[in-house]
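Here the structure comes first, spelled out in structure tokens, and everything after it is commentary.
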Amino acid sequence: MESIQSPFTAKLVESLYVEAMVLADEARSYFELTVEQQGVADQDEIRIDMSCESLRVTTRLMHSIAWLLNQKAFFAGELSEHQLRSRSRSLGKCSSSDPFVVARLPAEAQRLVYETQHLLDRLVRLERSLEADRLGFAEIQAMHPMVHQMQARLASELA
Numbered sequence: 098m099e100s101i102q103s104p105f106t107a108k109l110v111e112s113l114y115v116e117a118m119v120l121a122d123e124a125r126s127y128f129e130l131t132v133e134q135q136g137v138a139d140q141d142e143i144r145i146d147m148s149c150e151s152l153r154v155t156t157r158l159m160h161s162i163a164w165l166l167n168q169k170a171f172f173a174g175e176l177s178e179h180q181l182r183s184r185s186r187s188l189g190k191c192s193s194s195d196p197f198v199v200a201r202l203p204a205e206a207q208r209l210v211y212e213t214q215h216l217l218d219r220l221v222r223l224e225r226s227l228e229a230d231r232l233g234f235a236e237i238q239a240m241h242p243m244v245h246q247m248q249a250r251l252a253s254e255l256a
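At position 101 of the sequence shown (counting the first as 1) the number is 198 in my numbering, and the numbers step up by one without a gap.
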């Protein structure tokens, strides 16, 4: 069974952290634009939707970044596995965006909504995978041998 401290996982976490920070910077830059610059000055309903979605985007990013920072601290030896597995350090729940509301937003806002949701979805899958690995679910590995072969190849390429 692959250790939770594998170089592949550490590099993946670092890559996801960089992605999250770039998205956070893009979101900050976009949502601090004036309503005129965003092109929604005369659309009250869309401005309200933008406010709600900017909060969802920010929440998803903060949950993602906090989780990734905890993972990085673990890989750096600053947190024990027991501390890392504390419920308070797991990914929090974030409400999903309504696709009909998102469709009305400007293109850049839509992109940020979808990319932050995609990032969070990937982190949820990673968290579940790490938890399954930690608990030693051999049957999960047996069901997905190609995934583990690909991970091994990627780890050797990244080394």
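Heads up, the beta-carbon is just placed ideally off N, CA and C, and yes, glycines get one too.
{"Item": "Closest Cα partner of glutamate 205 within the set Leu216, Leu176, Leu120 and Thr106", "Value": "Leu120"}
{"Item": "Within the region 127-172, ranges of the alpha helix (DSSP H) (whole runs, at least 4 residues)", "Value": "132-135 and 141-172"}
{"Item": "Of the residues Leu158, Arg144 and Glu142, the one placed nearest arginine 125, counting alpha carbons only", "Value": "Leu158"}
{"Item": "Coil, strand or helix - proline 203 by DSSP", "Value": "coil"}
{"Item": "The region 179-197 contacting the region 142-154, beta-carbon criterion three pairs below 8 Å", "Value": "yes"}
{"Item": "Boundaries of the alpha helix (DSSP H) in which serine 253 is found, first to last residue", "Value": "242-255"}
{"Item": "Proximity below 9 Å, CB of threonine 213 to CB of serine 161", "Value": "yes"}
{"Item": "Helix, strand or coil at glutamate 175 [DSSP, three-state]", "Value": "coil"}
{"Item": "Residue environment, alanine 200, which counts as buried when at least 16 other CB atoms sit within 10 Å", "Value": "exposed"}
{"Item": "Residue nearest to valine 154 in terms of C-alpha spacing, selected from Leu209, Ser226 and Ala252", "Value": "Leu209"}
{"Item": "Contacting residues, own chain, Cβ-Cβ under 6 Å from alanine 235 (five flanking each side not counted)", "Value": "Legend: pLDDT at alanine 235 = 49, less than 50; position of this residue unreliable, no value from coordinates given."}
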